[in-house]
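Student: What follows is a structure written as structure tokens; I'll ask about it next.
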Amino acid sequence: MYKIIKKQELNPTVTLMEVDAPFVAKKAEPGQFIILRVDEEGERIPLTVADFDRKKGTVTIIFQIVGGTTERLNHLKEGEYIHDFVGPLGEPSHVEGLKKVAVVGGGVGCAIAYPVAKKLHELGAEVHSVVGFRTKDLVILERQFRAVSDVYKLMSDDGSAGEKGLVTDALKALIEAGNVYDEVIAIGPVVMMKFVSLLTKQYNIKTTVSMNPIMIDGTGMCGCCRLTVAGKTKFACVDGPDFDGHEVDYDEIMKRASTYKEFEKREREEACNLFKKEVK
Amino acid sequence: MPNMSLKKHEMPSQAPEVRNKNFKEVALGYTAETAVEEAQRCLNCKNKPCIGGCPVKIHIPDFIAKVAAGEFEAAYQIIQQTSSLPAVCGRVCPQETQCEQKCVRGIKGEPVAIGRLERFVADWHNANSCDLPVKAEPNGHKVAVVGSGPAGLTCAGDLAKRGYEVTVFEALHLAGGVLVYGIPEFRLPKSIVQKEIDNLKALGVKVETNMVIGRVLSVDELMDEYGFEAVFIGSGAGLPRFMNIPGENLKSVYSANEFLTRVNLMKAYKDDSRTPVLHAKKVAVVGGGNVAMDAARCAKRLGAEEVYIVYRRGENELPARAEEVEHAKEEGIVFRLLTNPTAILEGENGMVRGMTCVEMELGEPDASGRRRPVEKAGSEFTIECDCVIMAIGTSPNPLIKNTTKGLETQKWGGIIADEHGLTSRKGVYAGGDAVTGAATVILAMGAGKTAAEAIDEYIRSEN
Ligand SMILES: Cc1cc2nc3c(=O)[nH]c(=O)nc-3n(C[C@H](O)[C@H](O)[C@H](O)COP(=O)(O)OP(=O)(O)OC[C@H]3O[C@@H](n4cnc5c(N)ncnc54)[C@H](O)[C@@H]3O)c2cc1C
Ligand code: SF4
Ligand code: FES
Numbered sequence: 000m001y002k003i004i005k006k007q008e009l010n011p012t013v014t015l016m017e018v019d020a021p022f023v024a025k026k027a028e029p030g031q032f033i034i035l036r037v038d039e040e041g042e043r044i045p046l047t048v049a050d051f052d053r054k055k056g057t058v059t060i061i062f063q064i065v066g067g068t069t070e071r072l073n074h075l076k077e078g079e080y081i082h083d084f085v086g087p088l089g090e091p092s093h094v095e096g097l098k099k100v101a102v103v104g105g106g107v108g109c110a111i112a113y114p115v116a117k118k119l120h121e122l123g124a125e126v127h128s129v130v131g132f133r134t135k136d137l138v139i140l141e142r143q144f145r146a147v148s149d150v151y152k153l154m155s156d157d158g159s160a161g162e163k164g165l166v167t168d169a170l171k172a173l174i175e176a177g178n179v180y181d182e183v184i185a186i187g188p189v190v191m192m193k194f195v196s197l198l199t200k201q202y203n204i205k206t207t208v209s210m211n212p213i214m215i216d217g218t219g220m221c222g223c224c225r226l227t228v229a230g231k232t233k234f235a236c237v238d239g240p241d242f243d244g245h246e247v248d249y250d251e252i253m254k255r256a257s258t259y260k261e262f263e264k265r266e267r268e269e270a271c272n273l274f275k276k277e278v279k
Numbered sequence: 000m001p002n003m004s005l006k007k008h009e010m011p012s013q014a015p016e017v018r019n020k021n022f023k024e025v026a027l028g029y030t031a032e033t034a035v036e037e038a039q040r041c042l043n044c045k046n047k048p049c050i051g052g053c054p055v056k057i058h059i060p061d062f063i064a065k066v067a068a069g070e071f072e073a074a075y076q077i078i079q080q081t082s083s084l085p086a087v088c089g090r091v092c093p094q095e096t097q098c099e100q101k102c103v104r105g106i107k108g109e110p111v112a113i114g115r116l117e118r119f120v121a122d123w124h125n126a127n128s129c130d131l132p133v134k135a136e137p138n139g140h141k142v143a144v145v146g147s148g149p150a151g152l153t154c155a156g157d158l159a160k161r162g163y164e165v166t167v168f169e170a171l172h173l174a175g176g177v178l179v180y181g182i183p184e185f186r187l188p189k190s191i192v193q194k195e196i197d198n199l200k201a202l203g204v205k206v207e208t209n210m211v212i213g214r215v216l217s218v219d220e221l222m223d224e225y226g227f228e229a230v231f232i233g234s235g236a237g238l239p240r241f242m243n244i245p246g247e248n249l250k251s252v253y254s255a256n257e258f259l260t261r262v263n264l265m266k267a268y269k270d271d272s273r274t275p276v277l278h279a280k281k282v283a284v285v286g287g288g289n290v291a292m293d294a295a296r297c298a299k300r301l302g303a304e305e306v307y308i309v310y311r312r313g314e315n316e317l318p319a320r321a322e323e324v325e326h327a328k329e330e331g332i333v334f335r336l337l338t339n340p341t342a343i344l345e346g347e348n349g350m351v352r353g354m355t356c357v358e359m360e361l362g363e364p365d366a367s368g369r370r371r372p373v374e375k376a377g378s379e380f381t382i383e384c385d386c387v388i389m390a391i392g393t394s395p396n397p398l399i400k401n402t403t404k405g406l407e408t409q410k411w412g413g414i415i416a417d418e419h420g421l422t423s424r425k426g427v428y429a430g431g432d433a434v435t436g437a438a439t440v441i442l443a444m445g446a447g448k449t450a451a452e453a454i455d456e457y458i459r460s461e462n
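Going line by line, the protein sequences match chains A and B.
The first sequence finishes on residue 279 if you use numbering that gives the first Met the number 0, and the numbering steps up by one all the way, no holes.
The second sequence finishes on residue 462 if you use numbering that gives the first Met the number 0, and the numbering steps up by one all the way, no holes.
The following block contains the structure:
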């Protein structure tokens with residue numbers, strides 16, 4: 000059992016939790032993830048490590064409420080417990096030696112992009128952060144990103160926060176303005192990563208994307224997290240989650256991600272109904 | 000006077016048409032009367048050929064004699080000297096290629112139903128004996144066990160009985176290995192596995208779940224920082240293989256491990272499970288082993304109208320237990336033998352609409368001694384299906400190898416260990432599927448026992 004030390008609503012659909020998990024905190028590196036089960040009957044879901052405190056022995060996760068499991072997770076309060084919490088899993092992001100990097104985050108993907116930006120900043124790299132959200136209310140981690148970025152570009156679909164437009168517009172402008180990046184790191188919705196990669200390909204800039212397909216065990220045992228990279232099948236949980244953005248088959252990933260859409264919708268509704276009943 | 004009936008006593012079972020719609024256990028077990036009568040078929044041979052067929056050398060005629068005399072607890076005590084998991088092995092061992100193959104009664108007629116008797120004795124003990132195992136006097140030494148499948152559980156139990164402080168580290172949230180994530184409830188009820196784990200806990204074994212060794216802690220850290228004097232690696236062979244044919248990453252293509260894990264470990268067969276699984280109408284399972292049979296029978300139980308076993312060799316080459324093949328056929332699974340897939344076809348929304356295959360014929364024997372299947376020219380055809388499950392084998396997960404310096408492995412990933420289970424690293428032992436590649440429960444159990452003995456000797460010689 001893993002105690003929730005702190006819980007904070009970042010926006011109406013995104014929550015931050017700091018969890019007491021000393022074994023995970025001791026080893027975690029940016030780019031890695033954990034798998035949790037909310038309770039004894041829960042399904043296993045992966046969430047990226049958003050931050051960690053080795054001294055306190057805590058790990059921070061940030062999640063968007065999208066299905067039954069995240070709905071249930073969001074229902075837990077400070078001081079309550081998560082049943083299972085295993086990690087760190089996956090390979091850490093390789094950021095050593097980079098001098099100038101553009102970190103692109105989309106939506107809740109910013110929660111994953113932030114620790115990478117932070118690490119790069121700590122290693123002395125010049126960090127340009129380009130983050131995008133649908134609208135003002137959904138903006139997260141603005142203060143944190145600003146603190147570790149030399150350039151911070153905030154974009155929104157409707158123009159209610161920062162500039163109106165897509166992250167690719169802002170990234171393109173930065174590149175056109177003469178910024179030469181060693182690497183672009185893009186983390187967010189699959190479509191966003193696809194278009195960032197298409198853009199950087201034109202300029203021949205090495206691009207890393209972070210994949211979060213459906214997973215069960217997270218140790219390479221089931222293969223449900225598989226994807227095609229440079230024509231070869233890879234398991235995201237052990238070979239990734241980071242991959243070369245120019246080699247990933249995004250369309251296949253988008254299809255595979257929709258496998259249980261109907262089920263997930265139903266599950267979420269059930270979870271919501273359950274909690275409504277409790278409140279009455 | 001022995002019972003000279005040529006046939007084994009039949010195993011009472013749920014009727015095929017009933018059981019292929021539920022996940023309850025298929026075989027119901029002998030009654031005491033049937034067990035005694037079956038035991039009376041044993042001739043108590045002087046040279047005991049059956050024992051030669053048993054990988055762990057259970058004293059077979061001795062325990063059967065006790066069953067014949069109605070002394071069931073005494074029979075259990077005999078089995079228990081050499082096997083730690085009789086309730087499991089009585090259900091899942093391939094007896095027809097082991098003890099029963101060697102049984103003298105099998106020369107004319109059917110062999111003694113050794114497996115069914117073993118199961119009866121173990122179930123009788125579990126139902127009637129309430130003495131919990133007694134904790135041994137602690138000897139002050141610590142051993143770590145990685146993985147909680149049959150190899151790890153057995154090694155842990157045997158060491159605990161000798162007074163060691165044993166901690167089992169399991170990657171998943173539940174202990175039991177393949178016994179809980181792979182083999183379905185209808186063949187091995189999970190309550191039986193749980194009972195074994197409870198017994199271990201009563202012996203003082205600590206079970207730490209959610210501990211992926213190699214990520215959370217390394218083998219070296221276990222020894223250097225946490226004071227474990229020896230480590231046993233029983234991490235199994237869990238890495239699924241795929242065929243590398245077109246279409247394998249379509250939405251409704253599963254590895255057997257994924258499909259079975261969803262259904263068994265995550266209980267997706269229950270309506271209220273929170274883990275989804277596709278309920279396909281026509282399912283093609285590729286492979287011919289126990290794993291393929293289990294996947295096919297699960298798919299049928301989830302409501303598939305048609306389920307095919309697609310296997311590239313013939314009936315005689317099917318590596319599954321004979322009983323599983325028979326049960327699968329009774330349940331309506333269709334066998335497409337001498338058939339090899341070449342591509343999986345995409346239908347709507349990234350789902351499967353079919354699988355193209357070629358017909359095969361058997362040529363010369365290959366390295367495994369089985370006749371090599373060769374493709375018949377121009378024989379391509381399509382099997383219509385909306386889901387494909389790949390059950391073509393697994394290999395050891397490289398995680399521990401990659402994170403343990405100096406641990407030598409075979410090219411295909413198996414950890415190299417001598418006949419006592421000792422690896423290339425001092426104090427590090429290994430056994431089960433992690434060493435042999437995918438094999439059997441009884442071999443894994445035996446390897447756990449052998450290693451426990453070697454670890455005991457090693458730690459004593461060091462102190
Ligand atoms: C579907 C299926 C049906 C089968 N049917 C039969 C049958 O009828 N008869 C038979 O004899 N055999 C059968 N087998 C084979 C048999 O189950 C295996 O040979 C046996 O379980 C191997 O035991 P093991 O202890 O070596 O490994 P496993 O049972 O595989 O257990 C290994 C354990 O180690 C854990 N682990 C792995 N890596 C790590 C790590 N890094 N850190 C911590 N823990 C880790 C795994 O999660 C797992 O729990 C079947 C196998 C399958 C998959
Ligand atoms: S070979 Fe068969 S008949 Fe002979 S002792 Fe063994 S079980 Fe009994
Ligand atoms: S999640 Fe099972 S192999 Fe990656």
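Here a beta-carbon is modelled for each residue, glycine too, at the ideal position from N, C-alpha and C.
Could one say the Cβ of A:Val190 lies closer than 9 Å to chain B's Cβ atoms, at least one of them?
Tutor: No - not a single Cβ of chain B is within 9 Å of the one on A:Val190.
Student: At a cut-off of 8 Å, would you count B:Pro364 as near ligand 5, judging by its Cβ distance to the nearest heavy atom?
Tutor: Absence of ligand 5 from the depicted structure is noted, with ligand 1, ligand 2 and ligand 3 being the only ligands included.
Student: Give, in chain order, every residue of the segment 204-221 of chain A whose Cβ lies closer than 7 Å to some Cβ of chain B.
Tutor: Result list: Ile215, Asp216, Thr218, Gly219, Met220 and Cys221.
Student: In chain A, what lies closer than 7 Å to B:Glu224 by C-beta?
Tutor: Per Cβ cutoff of 7 Å: no residues; B:Glu224 is ~11 Å from chain A at best.
Student: What residues in the segment 70-89 of chain A have a beta carbon less than 8 Å from any beta carbon of chain B?
Tutor: Answer set for the segment 70-89 of chain A: His82, Asp83, Phe84, Val85, Gly86, Pro87 and Leu88.
Student: Taking Cβ to Cβ, would you say B:Glu257 is nearer than 9 Å to B:Lys281?
Tutor: Not closer than 9 Å, so no.
Student: Can a CB atom of chain B be found closer than 9 Å to the CB of A:Gln7?
Tutor: False, the Cβ-Cβ gap to chain B never drops below 9 Å.
Student: Give me the Cα-Cα distance between B:Thr341 and B:Val167, rounded to the nearest whole angstrom.
Tutor: Cα-Cα distance, rounded: 42 Å.
Student: DSSP three-state label for A:Ala49, please.
Tutor: Here A:Ala49 sits in strand by DSSP.
Student: Short of 8 Å Cβ to Cβ, which residues in the segment 11-23 of chain A face chain B?
Tutor: If the cut-off is 8 Å between Cβ atoms, the segment 11-23 of chain A has Phe22 and Val23 near chain B.
Student: Taking 8 Å as the cut-off, does the CB of B:Pro110 come closer than this to any heavy atom belonging to ligand 2?
Tutor: B:Pro110: yes, Cβ under 8 Å from ligand 2.
Student: In the structure shown, what three-state DSSP assignment does B:Gly16 receive?
Tutor: Rather than Gly, the amino acid found at residue 16 of chain B in this sequence is Glu. Helix, per DSSP.
Student: Contact criterion: CB-CB distance below 9 Å. Does A:Ser257 meet it with respect to chain B?
Tutor: Cβ-Cβ to chain B under 9 Å: yes for A:Ser257.
Student: Nearest-angstrom Cα distance between B:Phe241 and A:Glu175?
Tutor: If I take the Cα positions, the gap works out to 44 Å.
Student: What residues of chain A sit near B:Met515, judged by a beta carbon separation below 7 Å?
Tutor: Outside the displayed span of chain B (0 to 462) sits residue 515 of chain B, for which this structure offers no information.
Student: At the level of alpha carbons, what is the spacing between B:Gln94 and B:Gly114?
Tutor: Straight-line Cα distance between these residues: approximately 6 Å.
Student: Would you tell me roughly how many angstroms separate the C-alpha atoms of A:Thr235 and B:Pro60, rounded to the nearest one?
Tutor: Residue identity check: residue 235 of chain A is Ala in the sequence provided, not Thr. Taking the straight line joining both Cα atoms gives about 52 Å.
Student: CA-CA distance, B:Ser4 and B:Ala34?
Tutor: The alpha-carbon atoms of B:Ser4 and B:Ala34 are separated by roughly 14 Å.
Student: I'd like the span of the alpha helix (DSSP H) that includes B:Glu323, first residue to last.
Tutor: First-last of the alpha helix (DSSP H) with B:Glu323: Ala321 to Glu329.
Student: So is the beta-carbon of B:Ile78 under 8 Å away from any non-hydrogen atom of ligand 2?
Tutor: No, the beta carbon of B:Ile78 sits no closer than 8 Å to any heavy atom of ligand 2.
Student: On the DSSP letters alone, give me the boundaries of the beta strand (DSSP E) that B:Thr341 sits inside.
Tutor: Thr338 to Glu345 is the span of the beta strand (DSSP E), which, as asked, contains B:Thr341.
Student: Interface residues of chain B around A:Phe262 at Cβ under 7 Å?
Tutor: Simply Pro275.
Student: Compare the C-beta of B:Gly237 against all C-beta atoms of chain A and say whether one is closer than 9 Å.
Tutor: Yes, B:Gly237 lies at the interface with chain A (some Cβ there is under 9 Å from its Cβ).
Student: List in chain order: all unbroken alpha helix (DSSP H) runs of 4+ residues lying wholly within the segment 149-187 of chain B.
Tutor: The qualifying runs are 149-160 and 177-180.
Student: Taking the CB atoms as reference points, tell me whether A:Ala110 and A:Leu170 lie closer together than 9 Å.
Tutor: No.
Student: Within the continuous alpha helix (DSSP H) that includes A:Asp250, where are the two ends?
Tutor: Tyr249 to Ala256 is the extent of the alpha helix (DSSP H) around A:Asp250.
Student: Which residue wins for smallest C-alpha separation from A:Ser209, given the options A:His127, A:Ile252 and A:Arg43?
Tutor: Nearest option by C-alpha distance: A:Ile252.
Student: Residues in its own chain within less than 6 Å of A:Ile61 by CB, not counting five upstream and five downstream?
Tutor: Counting only Cβ-Cβ distances below 6 Å, and skipping sequence neighbours, we find Leu15, Ala49 and Ala110.
Student: Over the uninterrupted beta strand (DSSP E) stretch that includes B:Met354, give me the two end residues.
Tutor: Note, B:Met354: beta strand (DSSP E), Val351 to Pro364.
Student: Is the beta carbon of B:Leu249 within less than 8 Å of some heavy atom of ligand 2?
Tutor: For ligand 2, not one heavy atom lies less than 8 Å from the Cβ of B:Leu249.
Student: How close, in whole Å, do the beta carbons of B:Pro132 and B:Leu202 come, if the pair is a contact with beta carbons under 8 Å?
Tutor: B:Pro132 to B:Leu202, Cβ: 5 Å. Contact.
Student: How is B:Cys386 classed by DSSP in three states: helix, strand or coil?
Tutor: Residue state, collapsed to three classes: strand.
Student: In the DSSP assignment, find the unbroken beta strand (DSSP E) run with A:His127 in it and report its ends.
Tutor: Unbroken beta strand (DSSP E) run through A:His127: Glu125 to Phe132.
Student: Answer with buried or exposed for B:Glu466, where buried requires no fewer than 16 other C-beta atoms within 10 angstroms of its C-beta.
Tutor: Summary: the structure shown does not reach residue 466 of chain B, with chain B confined to residues 0 through 462, and so no result is reported for it.
Student: Could you give the distance in angstroms between the alpha-carbon of A:Val18 and the alpha-carbon of A:Val37?
Tutor: Between A:Val18 and A:Val37, the C-alpha separation is close to 12 Å.
Student: Less than 8 Å between the CB of B:Phe227 and some heavy atom of ligand 1, yes or no?
Tutor: B:Phe227: no, Cβ never under 8 Å from ligand 1.
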